[in-house]
Amino acid sequence: MPYRSAENLLFWEFEIFQQYEELTCLFSTIRNGNSKLNLGFTKFADADEVRKNRDLFLKAAGASGNNIAIGKQIHSRNVRNVTEPGLFDDTDGLVTSRSDLSIIVSSADCLPLFLYDTVKKVCSVVHSGWRGTRDGISEEAVRLMVELYGSDPSDIKCGIGPSIEASCYEVSNDVANQFDRNFLTPSKNDKMQLNLKDVVRGQLEKSGLLPENIEVCDICNKCDEENYFSYRREGEKTGRMWGLMRINQ
Ligand SMILES: [Zn+2]
0 MPYRSAENLL
10 FWEFEIFQQY
20 EELTCLFSTI
30 RNGNSKLNLG
40 FTKFADADEV
50 RKNRDLFLKA
60 AGASGNNIAI
70 GKQIHSRNVR
80 NVTEPGLFDD
90 TDGLVTSRSD
100 LSIIVSSADC
110 LPLFLYDTVK
120 KVCSVVHSGW
130 RGTRDGISEE
140 AVRLMVELYG
150 SDPSDIKCGI
160 GPSIEASCYE
170 VSNDVANQFD
180 RNFLTPSKND
190 KMQLNLKDVV
200 RGQLEKSGLL
210 PENIEVCDIC
220 NKCDEENYFS
230 YRREGEKTGR
240 MWGLMRINQ
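Here the sequence shown stands for residues 0 to 248, numbered as in numbering that gives the first Met the number 0.
Here you go:
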């Protein structure tokens, strides 16, 4: 069952993490009664509604509002180890081993990554759009887990969450030229379709993760209008989903 409902919200979950009772790992859908669960303070969002939605999300995810860590994402390859709650500048990835601290990643079309060292009990969330993917932020997250916690990459499992599929992700030649041609498919209009999920999978395997420890969600959030926001589908008016990881005490 990839979906689980809680408090009237619907969450997407990974199969590979189901066996770890100590771990909470989920990704929001936009399902919220008659309105959409937007969790981002975007230009067109009503701030009060976003605050209300965040409270709803955190409650349903079993997190307390003052025990969360979230990065101010800037499409970088910056991954930060956190031991305290807070809002962290210039941060697209978070790593923690602290129990009861919820770490959060925000996304629309970009790839949300969820890593868990099942032995050392260290978790990480990563925002990997095309820039972060190009710059290898998933490799940086694994590197940090190895350096700070002595993680063995073969103990790390990773879920790649709902995000844009290659068939819906046409990029300019300028962007395409920054990626290996194995991940590109020619499309109409002389453009290329870019498969970010495969790029990230390759980076994780290069970092030492076992292929069977990587779960790639094949949901395309641009196609699945019922459950997800998509920048490619809705432009600047779109909202944001949140992914959350927490090691429970
Ligand atoms: Zn699609």
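Ideal Cβ positions, reconstructed from N, Cα and C, are used throughout, including at glycine.
Treat the numbers as computed from the prediction; the structure is a model and nothing was measured.
{"Query": "Of the residues D47, C222 and N33, the one placed nearest P161, counting alpha carbons only", "Result": "C222"}
{"Query": "P111 (DSSP reduced to helix, strand or coil)", "Result": "strand"}
{"Query": "E169: CB within 8 Å of a non-hydrogen atom of ligand 1", "Result": "no"}
{"Query": "Check whether V81 and L100 have beta carbons under 9 Å apart", "Result": "yes"}
{"Query": "Buried versus exposed, by CB contacts within 10 Å (16 or more), A60", "Result": "buried"}
{"Query": "Alpha carbon of D189 to alpha carbon of L38, nearest angstrom", "Result": "36 Å"}
{"Query": "Any non-hydrogen atom of ligand 1 closer than 8 Å to F58 Cβ", "Result": "A small fix is needed here, since residue 58 is Lys in this sequence, not Phe. No, the beta carbon of K58 sits no closer than 8 Å to any heavy atom of ligand 1."}
{"Query": "Closest residue to D89 among I103, I67, K71 and S98 (Cα-Cα distance)", "Result": "K71"}
{"Query": "I136, buried or exposed, once every other Cβ within 10 Å from all chains shown has been counted against 16", "Result": "buried"}
{"Query": "Ordered list of alpha helix (DSSP H) runs contained in the segment 34 to 101, each at least 4 residues", "Result": "46 to 59"}
{"Query": "Beta-carbon spacing of E21, K58 below 9 Å", "Result": "no"}
{"Query": "Coil, strand or helix - C167 by DSSP", "Result": "helix"}
{"Query": "Whether S27 touches M240 by CB criterion (9 Å)", "Result": "yes"}
{"Query": "Three-state secondary structure (DSSP) of T23", "Result": "strand"}
{"Query": "Separation of P1 from I213, as counted between CA atoms", "Result": "15 Å"}
{"Query": "DSSP beta-bridge partners of V118", "Result": "In the DSSP output, where bridge partners are listed per residue, V118 has none listed."}
{"Query": "Residue ranges of each beta strand (DSSP E) within the segment 154 to 199, 3 or longer", "Result": "155 to 159, 183 to 185 and 191 to 193"}
{"Query": "G137 in three-state terms, based on DSSP", "Result": "With the sequence shown as reference, residue 137 is identified as Ser, and Gly is not the correct amino acid for it. S137 falls in the helix class under three-state DSSP."}
{"Query": "contact_flag[the segment 103 to 112, the segment 223 to 237] where n(CB pairs < 8 Å) is 3 or more", "Result": "yes"}
{"Query": "Segment limits, alpha helix (DSSP H) that includes Y2", "Result": "Counting along the chain, Y2 falls outside any alpha helix (DSSP H), though it belongs to the beta strand (DSSP E) covering Y2 to A5."}
{"Query": "A46 burial status per 10 Å Cβ neighbour count (16 or more: buried)", "Result": "exposed"}
{"Query": "Cβ-Cβ distance between Y115 and F10 below 9 Å", "Result": "no"}
{"Query": "Nearest residue (CA-CA) to G238, options N33, F40, N172 and Y19", "Result": "F40"}
{"Query": "Classification of F56 by the beta-carbon crowding that lies within 10 angstroms, buried from 16 upward", "Result": "buried"}
{"Query": "Extent of the continuous beta strand (DSSP E) to which R232 belongs", "Result": "Element bounds for R232: not the beta strand (DSSP E) but the alpha helix (DSSP H), Y230 to E233."}
{"Query": "Cβ-based neighbour list, N194, same chain, cut-off 7 Å, excluding 5 preceding and 5 following", "Result": "A165 and F182"}
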